[in-house]
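Student:
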Amino acid sequence: MAGKKRILAIASGGGHFVQLLRLRPAWAGHDVAYATVHADMEAEVAPARLLTFRDVSRADWWRLPLTLWDIATILIRVRPQVIVTTGALPPLLALALAKPFGVRTLWVDSIANSEVLSGSGGHAGKVASQVVTQWPHLAQPGVDCWGSVL
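Okay, so the sequence shown: first residue is 5 according to my numbering, each after it adds one.
1) Rounding to the nearest angstrom, what Cα-Cα distance links Gly-33 and Arg-10 in this structure?
2) For the alpha helix (DSSP H) that Pro-91 lies in, which residues bound it at each end?
3) Tell me whether Ala-43 is buried or exposed, calling it buried when 16 or more other Cβ atoms sit within 10 Å of its Cβ.
4) In this structure, does DSSP put Gln-23 in helix, strand or coil?
5) Does the segment 50-68 come within contact of the segment 128-147, defined as at least 3 CB pairs closer than 8 Å?
6) List the DSSP bridge partners of Leu-55.
7) Taking the alpha carbon of Phe-105 as the point to measure from, which residue in Trp-31, Trp-111 and Ile-87 has its own alpha carbon closest?
8) Any idea if Pro-94 is buried or exposed, counting beta-carbon neighbours within 10 angstroms, 16 or more meaning buried?
9) Which residues bound the alpha helix (DSSP H) around Arg-28?
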């Protein structure tokens, strides 16, 4: 291992966070902080720290400023060198805010999206260092298929 990295593993709630937790072996030995919408996930990530943010979606877009504030605060506290996410919109905001600072970012599109990339996943290529899908037929320029990672 080249050196211990500060990693922010961030995902919205539900299946997105469950899939993110399945990637844990990939960052063993690094300094990891998790971020999600549910504070009750603390036991799932212990001894790592858990930070929370308010959820937002296209349906409740008016909450966007509050979520942006939460995400910016998390980025300032964690100062990640790497961000890994399985989606959805709030983590996409984290990738966009981190891009100007040279943070390496990975978007792993949800395994549930077998027909098309997720809505946020379709935009992730504009801000993520790397976008991956788990479905070979969804691979395209800027979106690689690494096989089943979950």
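Virtual Cβ for every residue (Gly too), placed ideally from N, Cα, C.
Tutor: By the coordinates alone:
1) Straight across, the Cα-Cα distance linking Gly-33 with Arg-10 is about 10 Å.
2) Note on identity: in this sequence residue 91 is Gly, with Pro being the wrong assignment. Segment 86-91 is the beta strand (DSSP E) holding Gly-91; no alpha helix (DSSP H) there.
3) By the neighbour-count rule (16 or more Cβ atoms within 10 Å), Ala-43 is not buried but exposed.
4) Correct three-state label for Gln-23: helix.
5) By the criterion of at least three beta-carbon pairs nearer than 8 Å, the segment 50-68 is not in contact with the segment 128-147.
6) In the DSSP output, where bridge partners are listed per residue, Leu-55 has Ala-39.
7) When the alpha-carbon of Phe-105 is set against those of Trp-31, Trp-111 and Ile-87, the nearest one is in Ile-87.
8) Buried.
9) DSSP places Arg-28 in no alpha helix (DSSP H); its state is neither H nor E.
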